[in-house]
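Numbered according to full-length UniProt numbering, the sequence shown spans residues 1 to 68.
Cβ coordinates follow ideal geometry from the N, Cα and C atoms, glycine included.
Structure record follows, encoded as structure tokens.
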Amino acid sequence: MIHQAWNNKETVKKVKCVHTNAGKYMVNRVLTEGKTYEVKNETDEFYFVLDNSGKIGGFYKDYFQEVQ
């Protein structure tokens, strides 16, 4: 269960939330538009970030923009 250790995992990259307009889910409760988040894991479709609740959450990549 590798996902249980993601909080302590090294950050892969940082991304900035560009919108929270979700059609189906209440994303604005755990993401803030304009805030930068640490990516702990990544798939083709999702970023797994440390969100506003202090937990790791998986979100579609279209909510974010990569930052240097």
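Apart from sequence neighbours up to five positions away, the residues of its chain that approach E66 with a beta-carbon distance below 7 angstroms are K13 and V15, ordered along the chain. DSSP links N41 through a beta bridge to F48. Considering only H19, Y63 and G23, the residue with the shortest C-alpha distance to Y47 is Y63. Less than 7 angstroms separates the beta-carbon of N52 from that of V30. In this structure, the beta-carbon distance from E42 to T11 does not fall below 7 angstroms.
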